[in-house]
Structures are given as structure tokens and as C-alpha cells.
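Participant:
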Ligand SMILES: [Zn+2]
């Protein structure tokens, strides 16, 4: 059945060019365009509350045809800009470009969100099929010389156009982005660039698919209860369920998902079991099978170098960093270098203590990476009388979620109202309307908490709709995704302290998207430089562990008792014990990323040798692997973090500095600072990172608070 669908996506230029002969006064009319198309819910008008995607009506099969149709619509919009017979103006070129492609972004945002959080075979295939087409489409636009001619012509008159600060920034960013994308390349070079982009997009999809399969395929099956040691009841219950799911009649199955592997490594007395699981994790994508990622890495890093060279940069890192706060690889290495020596020293000291503990227990042999977490827990218990499982009952996930909401209320007066009937992509999701204190609608927040096979690992936020205010205010729709332990028959989902931190972290990204208040969507919310984006998320981790915030939410799920102050003190002391490990594990991965992407000449080593050489160079110890080894480094090979994993540390300078500023006032909710902080979030990416920070605190960021926080001073 075909039906006529009204899609109100096109900029007024399209309409204007059709209508101009007859009517010269139509500039302010919002155009509508009628497109005849099939009965695809993605393309129909979304008559849901606040225009959220109708996930309940969308079938996996609907995405590819909808994206293709939306690409066609976008192409038409672009043509109208390019073939406009009037001279290029800010409105008919820059703003027209900015407001084009809305249908495509609405459909593809829904697609990528579902693809990451609740995939299936149809969606995986769809992604393989459509990613290269999307890349080619974006290249068609960004490498379009005729379009760029118009952009350049506006750019060259920028001083005389009487633009607002945000309009001027949009113009400059648009111009720079086209140059960065390679629009000035000609002939063969331009064709080669398109080929490279297309291939990179395929490879990155394959990398992620391989990793998901390698993670899901692995199983450690345990039939003897003795091997399990002091495992928490909730982990025992979830591993029993996992074993049943995998076809065992009894016993326990452990997987490479974080909620399974981490507690196992922390508590199982079976050295062999720990080693098996640890190596299973560390060898993902490196098993010389059909899911091996090594060849993909070599091809990707070589293509990225070739692309950077084509665009006039020495290396991929030079290319990427030129648009970040850091600007150059040297600045990144400089920051890493300021922390690395203290961090590795601290880790070596911890290793010595852990190895002694193992010896004291009468265990023969060398201390290994797979022993690390187990003996950390032993030392925590002995030195600090602390066991992480004691704290879990105080971090039941609903309570933690409420804690995040209460914090947003304390800081910004925000309210959260569940929308039980909102369409979801999975029944576990929870959807909230977000409101100002006075009841004004802010946006919608989707939260998806539990780990499952259809979800990629880790935790992330993404935007289903970005805030904008060109022809009326468009409110944002954002998502938070986690891999928390699912509730079992008898116990709710009890989070570790680290998992609770993750919830606040992602929620910080969500606030960044939700509180955005700018004109243009490409400058809104989290569209900020990569090394700035982790600042509003990480800063939340500071608040969540303050005693006065913990008192709001960290309550025992059975007794309602607030987490005792002594337990928090013990936890903080115990956590500081392993700080060296955490920093080293993270920084080693940041170095590895920088090593892969600062290459200025073709790499001739195999992946594992390259990695080993890079780690030897910084003196990493054998017992610690980088947080991500190359073959499962999704951030840089299937996410957007290539030459960018250092960003967490860069942002940490900003968040530690910011929180120290709050502390200095003696009030962690200081209203004056909070107001300035909210103004910074509201500005989204409408200014550079340096400017945003300067507007907020009136000065440049300082590194001392971070060094102090890490105990490196
Ligand atoms: Zn983050």
C-alpha cells in the first residue's frame, strides 16, 4: 500500500526556488514537501509524545529503505542550494546547509542507537550494507566543489555580513570542515579519498562485529563450587542463569562481559580459571580465526595515514588533533608525560605488595596479570577491611538513577517524569520526560541499563534528536546505555561503586545534550571537541561520591539505611590503593592509540610486535595490559576516538579543576558557579573549548587539582 506522507524537512530555499517567480515574500514561510513513498514508519510523521521515534512500529527491515529514501531527499535539498541562481548568502547557503538532512539524521540516529544497544542479524547486515552508502553520501556533499564555491564566497565576506557570534562561528566551522574533509583535492586524489573513506567505514563495522562475536562466543564453565570461592550471591545467581542459557544442566558460566569477568577475577580462588578468563578477554580479535581483527588494524592505520597525507597532515593524529583543544600530538604526549612516571611508580609499588601477598598465601610461581585484581581485593580486605560486595546493596540501580536525578535537581532544578507508554527498543528501557523546575519541557531521556548479548560493551550516550532553534525550538532526545548486571529472580541489580560512577558519567553527557540552548544543531549539546566532551560527564563523578550527595541516594535496598560514613571512608582509602593500576591501564591505552596514529611512515611491523614495542617504550610492566589492546580497541577502530583516547585525561584536567573551584567556595552546589556551569553546558559547541572554559571560570584550566586528586603531588 502506498500512501502520501507529509515530511516537513526541507529548508525554505527549496520552496523559495520553486515559488520565487510567483511570490517574492515567501522567505519566512516554513515549507513543506510532499513525498510519495511506501508505508515505512521511519518516514511517516512521528505522532508520538514529543516526537520520539515510534520504536514499537519500526521493524529491523525498515531502516535500510528509509535511510536510502532520506539520502535522496537530502540530495535534493543540497541541489537546491547548489543550483540557486541567486548569489550565495549566509541564509541561502550556510543556514540552508545546516537545516538540510533532517530526515536523514532522524532516521539514521534511530538506526545507530538501536544498532548499538539492541542489534540482531538483520540490523548487523543492514549496518554493513548502509554504512558505506552513508559515507559515500557524506563525501558527495563535503567534497562537492560547486557547493564549496558558495560556502567560500560567503566565508570571504564574513566581516561584512553583520552576523551574530554563533552565526559567525557556524560559518567558520562549516568552511573549515569542508577544507578538512578534502574539498580542495582534485581529480585522482579526490577519488582516492572517497575510496579510503568508504573502505574505512566498512572496516570499522567489521571490527565491531568481530569483537561482539568474540566477546559472546567465549565461555568459562565451572562445575565445581570450590572454584568459586567467596562469590557474591548475585554473581552466583547470574552465572547459574548464564549456564542454563548456554545449555548446561547445572554449574556456572562466566563470560567476558564486564559484570561477569570483573567480579570473577576479583573473587575466584581458582588461579587457572582466572588465567583462562583473563587471557580469553585479552585475546579477543587475536585468535587467528575468521573473527581476527589484526589485518583490519593494519589496513585501517595505513589508510588513515594515507588520508592524512592527502589532506596535508603528517599523521592521522596531526589531522584529528588540529580540531581538538590539544591541537598537536606533542601537546598530548606532554600531558601524558606529566603523569606517567608517577603512575607507573605507584603501580610498581602496588605490584610488589600484591606479589608479596600471594607469596604469603603460599602460592608458587610468578605473579601474573590475572592475579592482580584478586590480590587487590585481598589487600583491600586486609589493610582496609573493605570488600566491594559490602557496598553493592547501597547502590541498587534504581536508587542510583534517582541519585542522578536528585543531583540534577539540586544543581539545575531539573525534574524527571517517567513516560511508561513511550515506545522503546527493548522492554528493559525506561523513558523520562525532563522538565525545568517550573514545568517547562526540556527534552526526553531514554535509559537502557542491563547487559545483554544484543548490546555492545561499555556505556555510552547518544542523541536521537539534537536541540536547535532555527525555525522554532526543537527539544533534544537523548539516550544513556549501560551494561549493568540484570536483576535475577531474587535480587535487584546491585551496582559496584564503579558502575554507579558510570551511571553518573553517562548522565552527565545526557545533561550536556538536554541543557543545550543554541540556534544550530551542529553546534548544539555534545558537538564539542573530543577532548572537551568528557568534561561534563566526568565532573559528575566528583559530585556522586561526596558524602552529602551519597546521603541522598546510596541507601540499602532492603533496610533503607544510608551508606555508613565509615564504609565510604574505607571505600575511598581502598580505592586509592589501586589508583596506580587504573591510571597506568588507561594511560597505556592512550599511548597505544597515539602510537598507532602518530605514524608518519608506513608501519612494517605486525600488530602484536607494534603493540609490544610501543608498550616497552614507556616501560609498561608485564602484569598490566593496556585497558584496551589493539585487537579489541573499539574506541579507536570502531568508535570515534582514534587519536582521541587521551581525551578522558585531558577532560579530567578540566573536571578536577572545576570541582576544586566548587570546593573552594565551601559549597558544592554554589549557586553562582552552578549558573555559570549551566551556561557553559547550554552553549554546547557554539564556541571553542578554550573559550567555553574561559567564559565559565574566567581563566585557563590548571593541572594541579588533577595531580593532587591522583595523589601525584
Ligand atoms: Zn564519556
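In the working numbering, the protein residues as written are 4 to 716. Even glycine gets a Cβ: it sits at the ideal position worked out from N, Cα and C. It should be emphasised that the depicted structure is a prediction, and the values quoted were computed from it without experimental measurement.
Cβ atoms of residue 45 and residue 117: under 8 Å apart, would you say?
Facilitator: Start at 1 with the first residue of the chain shown, and residue 117 comes out as number 114. Start at 1 with the first residue of the chain shown, and residue 45 comes out as number 42. Not closer than 8 Å, so no.
Participant: What separation, rounded to the nearest whole angstrom, lies between the Cα atoms of residue 323 and residue 565?
Facilitator: As a working mapping, residue 323 is identified with position 320 in the chain shown. As a working mapping, residue 565 is identified with position 562 in the chain shown. Each residue's alpha carbon lies about 46 Å from the other.
Participant: Using only alpha-carbon positions, find the residue among 366, 369 and 354 that is nearest to residue 376.
Facilitator: If you number the chain shown from 1, residue 376 lands on position 373. Nearest option by C-alpha distance: 354.
Participant: What residue from 302, 261, 291 and 225 has the CA that sits closest to residue 271's CA?
Facilitator: Working through the chain shown from its first residue, we reach residue 271 at position 268. Among 302, 261, 291 and 225, the Cα nearest to that of residue 271 is on 225.
Participant: Do you know offhand how far residue 305's Cα is from residue 316's?
Facilitator: Reading the chain shown from its first residue, position 302 is the one you call residue 305. Reading the chain shown from its first residue, position 313 is the one you call residue 316. Each residue's alpha carbon lies about 14 Å from the other.
Participant: How about residue 537: is its Cβ closer than 7 Å to a heavy atom in ligand 1?
Facilitator: For this step, residue 537 is matched to residue 534 along the chain shown. Within the cutoff, so yes.
Participant: Tell me where the beta strand (DSSP E) around residue 449 begins and ends.
Facilitator: Position 446 of the chain shown, counting from 1, holds the residue named residue 449. Unbroken beta strand (DSSP E) run through residue 449: 444 to 453.
Participant: I'd like to check one pair, residue 98 with residue 2: are the Cβ atoms closer than 8 Å?
Facilitator: Because the chain is modelled from 4 through 716, residue 2 falls outside the range shown and cannot be assessed.
Participant: Less than 6 Å between C-beta atoms, sequence neighbours within five positions excluded: which residues of the same chain meet that for residue 623?
Facilitator: The residue given as residue 623 occupies position 620 in the chain shown. Excluding positions up to five away in sequence, the list reads 591.
Participant: Taking the straight line between their C-alpha atoms, what separation do you get for residue 567 and residue 559?
Facilitator: Working through the chain shown from its first residue, we reach residue 567 at position 564. Working through the chain shown from its first residue, we reach residue 559 at position 556. The straight-line gap from Cα to Cα measures roughly 10 Å.
Participant: Please name the residue, chosen from 71, 124 and 648, that lies closest to residue 458 on a Cα-to-Cα basis.
Facilitator: On the chain shown, position 455 is the one that residue 458 refers to. Comparing Cα-Cα distances from residue 458 to each of 71, 124 and 648, the minimum goes to 124.
Participant: When we look at the beta-carbon of residue 470 and count the other beta-carbons within 10 Å, is it buried (16 or more) or exposed?
Facilitator: Numbered from its first residue, the chain shown carries residue 470 at position 467. When all chains shown are included, residue 470 counts as buried.
Participant: Rounded to the nearest angstrom, how far is the Cβ of residue 197 from that of residue 146, given a contact under 8 Å?
Facilitator: Locating residue 197 in the chain shown gives position 194, counting from the first residue. Locating residue 146 in the chain shown gives position 143, counting from the first residue. About 7 Å; that satisfies the 8 Å criterion.
Participant: Give me the DSSP bridge partner(s) of residue 226.
Facilitator: Position 223 of the chain shown, counting from 1, holds the residue named residue 226. In DSSP, residue 226 forms no bridge with anything.
Participant: Do residue 444 and residue 436 have their C-beta atoms within less than 8 Å of each other?
Facilitator: Residue mapping note: residue 444 aligns to position 441 of the chain shown, counting from 1. Residue mapping note: residue 436 aligns to position 433 of the chain shown, counting from 1. Going by C-beta atoms, residue 444 is nearer than 8 Å to residue 436.
Participant: Can you find the residues in the same chain that come closer than 6 Å, C-beta to C-beta, to residue 408, ignoring five residues on each side of it along the sequence?
Facilitator: In the chain shown, the residue the question calls residue 408 occupies position 405. Taken in chain order, the residues that qualify are 419.
Participant: The beta strand (DSSP E) with residue 467 in it runs from where to where?
Facilitator: Locating residue 467 in the chain shown gives position 464, where the first residue counts as 1. Where residue 467 is concerned, the enclosing beta strand (DSSP E) stretches over 463 to 468.
Participant: Applying the criterion that 16 or more other CB atoms from any shown protein chain within 10 Å of the CB defines a buried residue, is residue 423 buried or exposed?
Facilitator: Within the chain shown, the letter at position 420 stands for residue 423. It is exposed - the Cβ of residue 423 has fewer than 16 other Cβ atoms within 10 Å.
Participant: How many Å lie between residue 489 and residue 380 at the Cα?
Facilitator: In the chain shown, counting from the first residue as 1, residue 489 sits at position 486. In the chain shown, counting from the first residue as 1, residue 380 sits at position 377. In a straight line, the C-alpha of residue 489 is about 23 Å away from that of residue 380.
Participant: For residue 258, collect the residues of the same chain with a Cβ closer than 8 Å to its Cβ; drop the 5 residues on either side in sequence, then sort them by chain order.
Facilitator: For the purposes of this step, residue 258 is taken as the residue at position 255 of the chain shown. Around residue 258: 218, 219, 221, 222, 223, 245 and 264.
Participant: Which runs of the alpha helix (DSSP H) fall wholly inside the segment 593 to 638 and span at least 4 residues, in chain order?
Facilitator: For the segment 593 to 638, whole alpha helix (DSSP H) runs of length 4 or above, ordered along the chain, are 610 to 621.
Participant: Determine, using beta carbons only, whether residue 515 and residue 342 come nearer to each other than 8 Å.
Facilitator: Sequence index remark: in the chain shown, residue 515 carries index 512 (1-based). Sequence index remark: in the chain shown, residue 342 carries index 339 (1-based). No, the pair does not count as a contact, with Cβ atoms beyond the cut-off.
Participant: Helix, strand or coil for residue 672? Go by DSSP, reduced to three states.
Facilitator: Locating residue 672 in the chain shown gives position 669, counting from the first residue. Reduced to three states, the DSSP call for residue 672 is coil.
Participant: When you compare the CB positions of residue 84 and residue 150, do they come within less than 8 Å of one another, or not?
Facilitator: Counting from 1 along the chain shown, the entry for residue 84 is found at position 81. Counting from 1 along the chain shown, the entry for residue 150 is found at position 147. Taking 8 Å as the Cβ cut-off, residue 84 and residue 150 qualify as a contacting pair.
Participant: Is residue 645 close to ligand 1? I mean its beta-carbon at under 7 Å from any heavy atom of the ligand.
Facilitator: Position 642 of the chain shown holds residue 645. Not under cutoff, so the answer is no.
Participant: Can you tell me the Cβ-Cβ gap for residue 491 and residue 262, rounded? I've got them flagged as a contact below 8 Å.
Facilitator: Working through the chain shown from its first residue, we reach residue 491 at position 488. Working through the chain shown from its first residue, we reach residue 262 at position 259. Not confirmed; about 12 Å, so no contact.
Participant: Who does residue 483 pair with in a DSSP beta bridge?
Facilitator: The residue you call residue 483 lines up with position 480 of the chain shown. Bridge partners of residue 483: 450 and 464.
Participant: Out of 680, 635, 557 and 434, state which residue places its alpha-carbon closest to the alpha-carbon of residue 538.
Facilitator: Residue mapping note: residue 538 aligns to position 535 of the chain shown, counting from 1. Checked all of 680, 635, 557 and 434; the closest Cα to residue 538 is 680.
Participant: Determine whether the beta carbon atoms of residue 577 and residue 389 lie at a separation below 8 Å.
Facilitator: For the purposes of this step, residue 577 is taken as residue 574 along the chain shown, with counting starting at 1. For the purposes of this step, residue 389 is taken as residue 386 along the chain shown, with counting starting at 1. Yes, Cβ-Cβ distance for residue 577 and residue 389 is below 8 Å.
Participant: Reducing DSSP to helix, strand and coil, say where residue 326 ends up.
Facilitator: Within the chain shown, the letter at position 323 stands for residue 326. Coil at residue 326, not helix or strand.
Participant: Can you have a look at residue 156 and say buried or exposed, based on whether 16 or more other CB atoms are within 10 angstroms of its CB?
Facilitator: Here residue 156 refers to the residue found at position 153 of the chain shown. Residue 156 should be labelled exposed.
Participant: With DSSP as the reference, label residue 255 as helix, strand or coil.
Facilitator: Taking the chain shown and counting its residues from 1, the one referred to as residue 255 is at position 252. DSSP places residue 255 in strand when its eight states are reduced to three.
Participant: Assign residue 579 to one of two classes, buried (16 or more other C-beta atoms within 10 Å of its C-beta) or exposed (fewer than that).
Facilitator: Taking the chain shown and counting its residues from 1, one reaches residue 579 at position 576. Answer is exposed; the Cβ neighbour count stays below 16.
Participant: How about residue 404 and residue 450: are their beta carbons less than 8 Å apart?
Facilitator: If you number the chain shown from 1, residue 404 lands on position 401. If you number the chain shown from 1, residue 450 lands on position 447. In this structure, residue 450 lies closer than 8 Å to residue 404 by Cβ.
Participant: Which class does residue 55 belong to by DSSP, given the choice of helix, strand or coil?
Facilitator: On the chain shown, residue 55 is found 52 positions in, with the first residue counted as 1. Coil.
Participant: Any heavy atom of ligand 3 within a distance shorter than 7 Å of the CB on residue 540?
Facilitator: Ligand 3 is not among the ligands present in this structure, which contains only ligand 1.
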